[in-house]
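What follows is one structure encoded as structure tokens, with my remarks underneath.
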Amino acid sequence: MAYTIALVEDDDLLRANYTKALERDGYLVNSYSSRPEAQNAFRKKLPDLAILDVMLQDEMEGGFDLCLELRQQSPTIPIIFLTARDSDLDRVSGLRLGAWDYLTKNTTTLDFLPVRISALFKIVESLSKSQAGDTDHVFSTGQLKIHQERKQVFWMDKLIDLTLTEFWLLHALARIPGHVKSHDQLMEAANVVVTNNAITAHIRRIRDKFRDVDPTFDSIRTEYGMGYRWLAG
Amino acid sequence: MRISLRVKLALVSLLLLFIPLTGFRFSELIKRDLLESRKETMLFSARAVASALSGRTGLFDRELFHSLNASRDLYLYQLSNPMRINGKTDDWQPQLEEARDFGAEHLLFSVEPYSNESLHYRHLTGVRGDYLYAIFLVTDDKIVYRQANSLRLDLSDHLQIGVEDPEGNLHHYQLTTIRPGWVNAFLMPEDLEEKIPVRVEPKIQGMWLESPGGYTLELRMPMDMVGQKLAFAIADVDDPVDRKTKALIGTAATEEREELGWLLSPSGAIEEILKSLNRPQSRVMIVDTNRRVRASFGNLAEEKATPDTDTSLLTSVSSYIYRLLAPLYRFFTQSFATEFSQPAAQPSTLDIKGVKEALLGASTVTSYVIDGGQVEIMAAIAPLKEQDSIIGAVVVEQTTNSILALQNKLIEESLTLTILVFSFGGIGLIFFASRLSARIRRLGSQAAAAISDSGQIRATILPIAARDEIGDLSRTLTTMLNQLKIQTEYREKMADNLEHEMRTPLAGISASLKNMAREMDNPPEHLTEYLNWALEDVARLEALLTAVRDATNLQEALGHDFKEDFQLNTAIDMWLTHSWRQAFPETEFVFQKPADPVTLHGDPSRIRQMLDKLVENAISFHSPGTPIEISLLENNGTLFSAPLKGVLYNAPLRGTITLTVTNQGPTIPEELQSQIFNSMVSYRQQKGSGPHLGLGLYIVRTIVEHHQGKVTVHSTRDGKGTVFTLTL
């Protein structure tokens, strides 16, 4: 059964482009150009996944409002923000509202969007499976535990709420502790093409999230000019 | 020389000192006007008195104002001292001053040519009580006394008296003596040829005393013997043998009734009339054609003002101020005596200007000073006429004291006012000036502080609410700064907005291109090539946008940075090896580093980002084939590494790190050197391969400042290169 994806995007051309690309990958795409339109449709029937732009026509935070409502309707529906707004504040706001991922519109979006969507659907599937009693693949090193299917990370048995990008970056780093991962390797692992600075920013946010749980966290090391390294134990 | 606004305004306040000048001028005008009107009033009253007197028919006949002859007429002075007939003159004072000289012009008869030494005298007629007194101070070179056995009185120095009794009968008397001492007059027969006296007249007594150069004859006779006419004549006999009268000098000829002079005295009747015309503080005098004062009434002295008993605070304060300023007042005011001696009413000659003119028919006003210039007296003189003939003059006199007092008061008040205005005005002006200059200084320092050396707008000026020019200026400056700030912000924001607005269509283009690529089955190779080119260009555009975003979001992003201590020298080594030398293989890098590790507290990735920009900048400006020099040193007071070409370190602070990046190539004009670190400012002469928005150095500055450092740019001393110096 094909998954239904709701795409809320106010730019007509971009919406059409993304719709076509996603349909080509076999998804059923319902696209909406405004918040009220999408809201009405969601009340009738929930999609399997929602891709939301933050700014919708003249509503600066229409996407956030939609996300809030969707989350009330279903606590488990995967929501991805896809926006031109790239400030940390927006990113944090979006993730706080319960979005599963936060992507910026750029030239590489189409290279990674399908991968992410399928990954999210896999998580959904694995969640429903684990509820049915199946075991997850758990990778652990030191205080770190990574549930590979559910894409959940625990530090000292406390859940670290990472986005998908962050999860993949951390996973790539921690899989072989002590090895330096270059920017390129990390980019590849996270299925993104971004600048060095973007990787740096992601790493910084990952550190911050760990520090929220454990202020003494210092396992991710910067190797100047080379990359990053996960320190074992 | 810099003169502050305060000093200038204080100098301007000196202009207030001109206030008293206007006061003086004003008081001068007032004085002149007052004098003018005073003159008119006095002249008017003089004329009024004249016409009032002319109306009295027969008054002047009775008071002997007609057909006067100055040389013959005798004036009867009111003697002020009790008289003793003793031949001494002291009891005649002060009226003796008025004594007339009799000499050549009063010569009635002379045998030989008259000589002044032979005979002349001074004479005064006076009255006191019921007696008429006369004194003769005779200068006579040879005194010849009467022979004791001679009946005749005219054979020695003698006095002839011709007097008209109140009934109008003429009587002749002669007086001489055989020795100095008491003398009596003798009544002479009516027939003048008879030389033998009729009898002794005991009522006419005198004292004959010798004096140096002559003799003094003092005599008295009862007033009831004297009518309206009187004449005295002194005969001089020099030869004691032939005893002929050699010269005769008289007030008038004594023989005939018509030839006698009038005996004139102050007129009680006229004074009564003057009394009824009384003017306060002024004196009215009637002068006859002989310019003798014949009637006088009034007092020049001012009435004593009753002392002010008002003792309110204001008056005590003002009197205190007055006492304080009295010396100053004295310097500017004209002082005058309020008490002065006034001549008593005497038939003395009124010797003031204008009397003569009045006697010729002209009214004048004149003034003169008495008491050594202490008092000025104004006199209005009008002719006194009766039936078209001038019979005298009316003189109305008044001191100018009251006017002077008024003038002085004016001057004093204007001085007081000036001092008050000067003090308060000066204080006010200085206060105002201080406030003004303080406000301007505050505005100036605010304006100076608003823009930093590097051209950044740090703060805005708080507009002053005052509705004046400074307020306007501050508001204008505020508006200017705000506009500048808005512009700067706009310039910085514009990049952000541009980036944001362009991102979506760019994403659209790339999505379309990718859709296209995927949906084409077996595309021709050249189409794939075009697609890839298009995608490459899109990626380049995006890279540019990302650079813009990084720059504009930098400030915000820096707040989330994680700072740590790291070894800068090792880091630079690593970056050189792994990044810059790999990125620019054709360029030589020279890194001068200290032997000891240099530790920096900061965000390594930001430092890297910043150095990336500096190196990129150096690469894009360097002349091909020349090396890029990077030098690092930790300042411990001495220069660490060999100084770079032309770089001057001006005593960097101990403990700071100095990092320089030097390239050979075109230099930056000096006027642009502080501007170049601003957003969207770029100085490029040649067009480079990559896109440039002038953000690189802005990023450098932002990061350096975030690390509490400083970045400057200079040309090397040889002028062939550019040095960026970071002090951290």
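These protein sequence lines map, in sequence, to chains A and B.
The numbering used here puts the first residue of the first sequence at 31, with every later residue one more than the last.
The numbering used here puts the first residue of the second sequence at 362, with every later residue one more than the last.
Glycine included, each C-beta is placed from N, C-alpha and C at the ideal position.
All values reported here derive from a predicted model rather than from experimental measurement.
Out of B:376, B:417, B:396, the CA that lies nearest to the CA of residue 759 of chain B is found in B:396.
Residue 256 of chain A belongs to the set of residues whose beta carbon lies under 8 angstroms from a beta carbon in chain B. Cβ-Cβ distances below 6 angstroms link residue 744 of chain B to 719, 722, 751, 754 in the same chain, with the five nearest sequence neighbours on each side left out; the list follows chain order. For residue 44 of chain A, there is no enclosing beta strand (DSSP E); the residue is part of the alpha helix (DSSP H) that begins and ends at 42-54. By the criterion of a C-beta distance shorter than 7 angstroms, residue 562 of chain B is surrounded in its chain by 534, 545, 546, 547, 548, once the five residues flanking it on both sides are discounted.
Chain A has no Cβ within less than 8 angstroms of the Cβ of residue 365 of chain B. DSSP assignment within the stretch 375-447 of chain B yields the following whole alpha helix (DSSP H) runs of 4 residues or more, N-terminal first: 379-415, 420-423.
Each residue's CA atom was taken as its position, placing residue 157 of chain A and residue 946 of chain B some 51 angstroms apart. Cβ-Cβ separation between residue 1018 of chain B and residue 929 of chain B: approximately 7 angstroms, consistent with a contact (criterion under 8 angstroms). By the Cβ neighbour-count rule, residue 381 of chain B is buried, with 16 or more other Cβ atoms within 10 Å of its own. Taking the beta carbon of residue 51 of chain A as reference, the chain B residues within 8 angstroms of it are 872, 875, 876, 879, listed in sequence order. In this structure, residue 661 of chain B keeps its C-beta atom at 8 angstroms or more from the C-beta atom of residue 640 of chain B. Residue ranges of uninterrupted alpha helix (DSSP H) with 4 or more members, entirely inside the stretch 879-958 of chain B and ordered along the chain, are 886-913, 915-919, 929-936.
Between the alpha carbons of residue 447 of chain B and residue 501 of chain B lies a gap of roughly 20 angstroms.
Residue burial annotation: residue 965 of chain B is buried, with at least 16 other C-beta atoms found within 10 angstroms of its C-beta. A distance below 6 angstroms between beta-carbons, with the five flanking residues on each side excluded, links residue 124 of chain A to the following residues of its chain, in chain order: 111, 132. Following the DSSP letters along the chain, one finds residue 198 of chain A inside the alpha helix (DSSP H) bounded by residues 194-205. Taking C-alpha positions only, residue 467 of chain B is separated from residue 613 of chain B by approximately 7 angstroms. Residue 571 of chain B carries a strand assignment under DSSP once its states are collapsed to helix, strand and coil.
Taking the beta carbon of residue 895 of chain B as reference, no residue of chain A falls within 8 angstroms; the closest one sits roughly 10 angstroms away. Non-local beta-carbon contacts of residue 483 of chain B in its own chain, meaning distances under 6 angstroms to residues more than five positions away in sequence, involve 460, 462, 498 in chain order. Per DSSP, reduced to three states, the secondary structure at residue 843 of chain B is helical.
The distance from the Cβ of residue 109 of chain A to that of residue 71 of chain A is about 15 angstroms, inconsistent with a contact at the 8 angstroms cut-off.
Between residue 738 of chain B and residue 728 of chain B, the C-beta spacing is below 8 angstroms.
Per DSSP, residue 1067 of chain B is one residue of the alpha helix (DSSP H) stretching across 1057-1067. Chain B places no beta carbon closer than 8 angstroms to that of residue 126 of chain A, leaving this residue out of the contacts. Taken through DSSP and simplified to helix, strand or coil, residue 970 of chain B comes out as helix. A distance below 6 angstroms between beta-carbons, with the five flanking residues on each side excluded, links residue 780 of chain B to no residue of its chain. Scanning its chain for C-beta atoms nearer than 7 angstroms, with the 5 sequence neighbours on each side dropped, one finds around residue 531 of chain B the residues 523, 525, 618, in chain order.
The three-state secondary structure of residue 256 of chain A, taken from DSSP, is coil.
Per DSSP, reduced to three states, the secondary structure at residue 467 of chain B is helical. In terms of Cβ geometry, residue 579 of chain B and residue 568 of chain B form a close pair [threshold 8 angstroms].
CA-to-CA, the gap between residue 65 of chain A and residue 218 of chain A works out to about 34 angstroms. The beta carbon of residue 470 of chain B is closer than 6 angstroms to those of 609 in its chain, skipping five residues each way along the sequence.
Residue 167 of chain A sits in coil when the DSSP states are folded into three classes, being neither helix nor strand. Contacts with chain B (Cβ-Cβ distance below 8 angstroms) from the stretch 50-73 of chain A involve 50, 51, 54, listed in chain order.
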